[in-house]
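Trainee:
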Amino acid sequence: MGRRVIFPKNYWSSIKSIFWIIEAKILINLKRPVGVLFDWDNTLVNTWPVIHDAMNFTLEKMGYPLWSLEDSKKNVRLSLRQSFPKLFGDKWETARDIFYMRFKKIHLKRLEVLPGAEELLISLKKKGVYLGVVSNKSGENLRREANHLGWNQYFGKIIGATDAKEDKPSIKPVQLAIKGSGIELDQRVWFVGDTKIDMECAYNSGCFPILINKNTPMVEEFGRFMPKIYLMNCEKLRKIFYELG
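Everything in the sequence shown is counted per my numbering, starting at 1450 for the first residue and increasing by one.
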């Protein structure tokens, strides 16, 4: 039986302090990006209520126990074609059709823009930064939401699940997102997202990983894919961008 590890008092606060010191050093040497690739769900828009509703609708129809919102947040990371076969086995395509039927019925009505998101996009676009989206949401639904918000004007490419041969965290959708832009994948391209999958995708593609999340990232969750910068919202990222001159 494994031994229980007891952390000393104030251990996690010390870890957070170290993280902020490292982040501060990175910010000093941070350069203006030539491109920024964004995750979509819960990075630029709040879609957890919609995803949770559609997921529970599907689980109920398939005869599975319902999930709490926290269950949904924990389990919904990969694209549907990656996750549903594991969850529903050989009936995953039936579950997929149920999920999309419910999702398409409600997602535009309940789509919420996160604070500071559009202001960030406008600021980057005005400075000539190439913008793209790399999401594990269905490409069709993703582009429908962007069009509904009038955000197509900001992005060179909007890439969703199944648009490329592989989905995040693979490099393939990232390569598709910058195709024809004239930029190369390196640390001058920021990859902005809210989950470990996004950070892993950034590392796999050679981009600079930036996490936007209300919770402080921990090594236990992110492992070797820790973000190089962690921010709580889009507004803070916009301020950092302007400080770069």
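C-beta atoms are modelled at their ideal positions from N, C-alpha and C, and glycine is treated no differently. All figures in this text were calculated on a predicted structure; none of them were measured in a lab.
May I have the straight-line CA-CA distance separating Trp1516 from Lys1621, to the nearest angstrom?
Mentor: The alpha-carbon atoms of Trp1516 and Lys1621 are separated by roughly 31 angstroms.
Trainee: Can you check DSSP and say which residues form a bridge with Trp1639?
Mentor: Val1485 and Phe1657.
Trainee: Tell me the rounded alpha-carbon separation between Phe1604 and Asp1502.
Mentor: Each residue's alpha carbon lies about 28 angstroms from the other.
Trainee: Looking at Lys1480: is its Cβ nearer than 9 angstroms to the Cβ of Gln1636?
Mentor: Result yes, Cβ atoms of Lys1480 and Gln1636 sit closer than 9 angstroms.
Trainee: Look up Gly1609 in the DSSP assignment and say whether it is helix, strand or coil.
Mentor: Of the three classes helix, strand and coil, the one that applies to Gly1609 here is strand, per DSSP.
Trainee: Drop a sphere of 10 angstroms on the beta-carbon of Asp1718, count the other beta-carbons inside from all chains shown, and report buried for 16 or more, exposed for fewer.
Mentor: There is simply no residue 1718 to check, as the chain begins at 1450 and stops at 1694 in what is shown.
Trainee: Thinking C-alpha only, which one of Asn1653, Val1494 and Lys1645 is nearest Lys1523?
Mentor: It is Lys1645 whose Cα lies nearest to the Cα of Lys1523.
Trainee: Return yes when the Cβ of Ser1619 is within less than 9 angstroms of the Cβ of Cys1650, no when it is not.
Mentor: For Cys1650 and Ser1619, yes; Cβs fall inside 9 angstroms.
Trainee: Does the distance from the C-beta atom of Asp1488 to that of Gly1672 stay below 9 angstroms?
Mentor: For Asp1488 and Gly1672, no; Cβs fall outside 9 angstroms.
Trainee: Return helix, strand or coil for Gly1672, following the three-state DSSP convention.
Mentor: Reduced to three states, the DSSP call for Gly1672 is helix.
Trainee: Confirm, please, whether the CB-CB distance from Ala1610 to Arg1530 is below 9 angstroms.
Mentor: In contact: Arg1530 and Ala1610 (Cβ atoms closer than 9 angstroms).
Trainee: Roughly how many whole angstroms lie between the Cα atoms of Leu1527 and Ile1608?
Mentor: The alpha-carbon atoms of Leu1527 and Ile1608 are separated by roughly 15 angstroms.
Trainee: Counting Cβ pairs, one atom from each stretch, are 3 or more of them under 8 angstroms apart for the stretch 1534-1543 and the stretch 1570-1579?
Mentor: No, because fewer than three Cβ pairs between the stretch 1534-1543 and the stretch 1570-1579 fall closer than 8 angstroms, the two stretches do not touch.
Trainee: On the DSSP bridge assignment, give the partners of Leu1580 in chain order.
Mentor: Answer is Val1485.
Trainee: Any contact between the stretch 1546-1553 and the stretch 1595-1604? By contact I mean 3 or more CB pairs, one from each, below 8 angstroms.
Mentor: No: the two stretches stay apart, fewer than three of their Cβ pairs being nearer than 8 angstroms.
Trainee: Are the beta-carbon atoms of Leu1560 and Thr1492 separated by less than 9 angstroms?
Mentor: Not in contact: Leu1560 and Thr1492 (Cβ atoms no closer than 9 angstroms).
Trainee: Whole angstroms is fine: what's the gap from Leu1508's alpha carbon to Phe1537's?
Mentor: Whole-angstrom Cα-Cα distance: 9 angstroms.
Trainee: Which ranges would you report for the alpha helix (DSSP H) in the stretch 1540-1575 if only whole runs of at least 4 residues count?
Mentor: Whole alpha helix (DSSP H) segments, 4+ residues: 1541-1555 and 1566-1575.
Trainee: What three-state label does DSSP hand Val1499 in the structure shown?
Mentor: Reduced to three states, the DSSP call for Val1499 is helix.
Trainee: Please classify Asn1585 as buried or exposed, where buried requires at least 16 neighbouring CB atoms within 10 angstroms.
Mentor: Buried: at least 16 other Cβ atoms inside 10 Å.
Trainee: Give me the Cα-Cα distance between Leu1557 and Glu1594, rounded to the nearest whole angstrom.
Mentor: If you take the alpha carbons of Leu1557 and Glu1594, they lie about 6 angstroms apart.
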